[in-house]
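>
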Amino acid sequence: MSHESFQKCIEECLRCMVACNHCYTACLEEQDIEMMKECIRLDRQCADICNFAAQAMSTNSRYASEICRICAEVCEACGNECKKHDAKHCQECAEACFRCAKACREMAA
């Protein structure tokens, strides 16, 4: 498969990475940082796996499908955590995570 066939998923992964990085940074500024700890942790992990998945797809890695399956799981977990918080950045991150999870599942199928 060429990286062009992965384009939609690559774009969703990169959008999710940016949303997670933004959420991570904004969460560090929240009043009750203890309450945001899991959100911050998952934002970092999700941003990292999204970046890795995009790289794997863009280089036509033979492991791209497996990486995208894992990426979908991490995105789902991050989205579920972000959804618990009322902050706009968390809600936007959750939406990006769920879109990415869907794209990764479709690509890996």
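Here the sequence shown stands for residues 3 to 111, where the numbers follow our numbering. Each residue gets a CB set at the ideal place from its N, CA and C atoms; glycine is no exception. Note that the structure is a prediction, hence the values are computed from the model and not measured.
1. Under a three-way DSSP split, which group does I35 fall into?
2. Decide if the region 41-61 is in contact with the region 77-90; the criterion is three or more beta carbon pairs, one per stretch, under 8 Å apart.
3. Can you confirm whether A49, when its beta carbon is compared against all beta carbons of chain B, has any partner nearer than 8 Å?
4. Give the C-beta separation of M19 and N53 to the nearest angstrom, bearing in mind that I take them to be a contact with Cβ-Cβ under 8 Å.
5. Do H24 and H1 count as a contact pair if the criterion is CB distance below 8 Å?
6. Under a Cβ-count criterion, where at least 16 other Cβ atoms within 10 Å of its own Cβ denotes burial, should Y26 be classed as buried or exposed?
7. With distances taken Cα to Cα, identify the nearest neighbour of I72 among A21, M109, C84 and Q33.
8. Is DSSP giving H91 helix, strand or coil here?
9. With 16 other CB atoms within 10 Å as the buried threshold, where does E44 fall?
10. Please name the residue, chosen from K10, K85 and M59, that lies closest to C22 on a Cα-to-Cα basis.
11. Within the continuous alpha helix (DSSP H) that includes K86, where are the two ends?
Quick look at the numbers:
1. Stepping through the sequence shown from its first residue, residue 35 is reached at position 33. Coil, per DSSP.
2. yes
3. Absent here is chain B; the protein component of the structure consists of one chain.
4. Within the sequence shown, the letter at position 17 stands for residue 19. Within the sequence shown, the letter at position 51 stands for residue 53. Yes, M19 and N53 are in contact; Cβ-Cβ is about 5 Å, under 8 Å.
5. The chain is shown from 3 up to 111; residue 1 falls before or after that span and cannot be answered.
6. The sequence position of residue 26 within the sequence shown is 24, counting from 1. Classification for Y26: buried.
7. On the sequence shown, residue 72 is found 70 positions in, with the first residue counted as 1. It is M109 whose Cα lies nearest to the Cα of I72.
8. Numbered from 1 along the sequence shown, position 89 holds the residue referred to as residue 91. Three-state DSSP puts H91 in a helix.
9. Taking the first residue of the sequence shown as 1, we reach residue 44 at position 42. Per the sequence presented here, residue 44 reads as Leu, with Glu not at that position. With 16 or more other Cβ atoms within 10 Å, it is buried.
10. Along the sequence shown, read from residue 1 onward, the residue named residue 22 stands at position 20. Among K10, K85 and M59, the Cα nearest to that of C22 is on K85.
11. Sequence index remark: in the sequence shown, residue 86 carries index 84 (1-based). Counting along the chain, K86 falls outside any alpha helix (DSSP H), and DSSP gives it neither H nor E.
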